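Participant:
Residue numbers (the working numbering): 1 to 92.
1. Kindly indicate which three-state DSSP category residue 45 falls into: helix, strand or coil?
2. Whole angstroms is fine: what's the gap from residue 33's alpha carbon to residue 46's?
3. Would you identify the three-state DSSP class for residue 13, choosing helix, strand or coil?
4. Check residue 8 in the structure and name its three-state DSSP category.
5. Give the secondary structure of residue 51 by DSSP, where H, G and I count as helix, E and B as strand, and everything else as coil.
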């Protein structure tokens, strides 16, 4: 999450938006690549490392699946509130 947050610095995206993108941003592919590197290097206990990666990816899928609808709804509501405030500010 931190690299995505930092990469979006200066983009004009709100902190809440950066956190949202960071939470749902890409993760699993890098874990798979690292697991393949470990397995190909024949390190001791590489099977344990690979299983840890698999469990991490599965837990990530579950966590993101469970939080997708509530976080999207909350983020959408906050954008609508911000847009409403902007409209009332312009009318004043």
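A virtual CB, placed ideally from N, CA and C, is assigned to each residue, including glycine. As the structure is a prediction and not an experimental result, all values here were calculated from the model.
Facilitator: Taking the structure as given:
1. coil
2. Computed Cα separation, rounded: 14 Å.
3. For residue 13, the three-state secondary structure derived from DSSP is coil.
4. coil
5. helix
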